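J.: Take 3 as the starting number for the sequence shown in the working numbering and just add one per residue.
If you scroll down you'll find the structure; I have some questions about it.
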Amino acid sequence: MDDIKWLREMLRQELDLMAPSLARIAKNNVIIRDEIDRPVAHARLSARLNGHEINAFVIDPAHRGKGISHELLKKCGDGRLFAYTRDAKLQSALLTAGFERARTPGLVALLSVMAARASSVLWMVILLEFRRLRHQLTNFFKYRLFVRE
Numbered sequence: 003m004d005d006i007k008w009l010r011e012m013l014r015q016e017l018d019l020m021a022p023s024l025a026r027i028a029k030n031n032v033i034i035r036d037e038i039d040r041p042v043a044h045a046r047l048s049a050r051l052n053g054h055e056i057n058a059f060v061i062d063p064a065h066r067g068k069g070i071s072h073e074l075l076k077k078c079g080d081g082r083l084f085a086y087t088r089d090a091k092l093q094s095a096l097l098t099a100g101f102e103r104a105r106t107p108g109l110v111a112l113l114s115v116m117a118a119r120a121s122s123v124l125w126m127v128i129l130l131e132f133r134r135l136r137h138q139l140t141n142f143f144k145y146r147l148f149v150r151e
């Protein structure tokens with residue numbers, strides 16, 4: 003299975019993330035492969051005005067619990083990173099990787115994130131991803147922000 007097909011399949015299973023049809027493999031993506039070169043983990047970094055947001059973070063269910071999230075976070079690079087998540091295991095991995103719980107990524111980054119989220123909502127409506135949109139809106143206040151300077 004090629005990278006984009008694998009990623010779209012993973013995104014279909016994760017309602018907290020973007021619509022599968024919006025998945026792209028680009029230079030801002032980090033991919034970890036298994037011993038036979040199949041993708042097993044993916045992170046997408048989006049440039050924000052004062053750092054990068056990890057706005058997709060997926061580990062193949064067959065490979066979870068093996069420390070791959072820690073490896074993937076290391077490959078996301080240095081510099082200011084932040085991520086919103088409600089997943090307890092990812093929150094633990096972020097804390098282990100030196101992220102701290104925060105209320106806001108900063109005013110400038112927050113404005114950038116808000117614009118990106120508005121665009122995401124619009125795309126979910128256009129793509130008729132109402133189940134995903136409902137899920138994300140229902141859980142809106144459960145997402146927590148983690149920042150690494």
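By construction, the Cβ of each residue, glycine as well, lies at the ideal position given by its N, Cα and C atoms.
A quick note: this is a predicted structure, and the numbers were derived from the prediction, not measured.
According to DSSP, residue 61 sits in a beta bridge with which residue or residues?
T.: For the purposes of this step, residue 61 is taken as residue 59 along the sequence shown, with counting starting at 1. For residue 61, which the question treats as bridged, DSSP gives the partners 43.
J.: Should residue 12 be flagged as near chain C, meaning a C-beta pair shorter than 8 Å?
T.: The question asks about chain C, but that chain is absent: this structure has only one protein chain.
J.: Between the region 9-26 and the region 65-80, are three or more C-beta pairs nearer than 8 Å?
T.: The answer is no - the region 65-80 does not touch the region 9-26, with fewer than three Cβ pairs under 8 Å.
J.: Excluding the five sequence neighbours on either side, which residues of its own chain have a C-beta within less than 8 Å of the C-beta of residue 6, listed in chain order?
T.: One-based indexing of the sequence shown puts residue 6 at position 4. The answer, listed in chain order, is 25, 26 and 27.
J.: Are at least three pairs of beta-carbons, each pair with one atom in the region 56-73 and one in the region 82-91, less than 8 Å apart?
T.: Contact holds: three or more Cβ-Cβ distances are below 8 Å.
J.: If you follow the beta strand (DSSP E) that residue 87 is in, where does it begin and where does it stop?
T.: Along the sequence shown, read from residue 1 onward, the residue named residue 87 stands at position 85. Counting along the chain, the beta strand (DSSP E) containing residue 87 begins and ends at 83-87.
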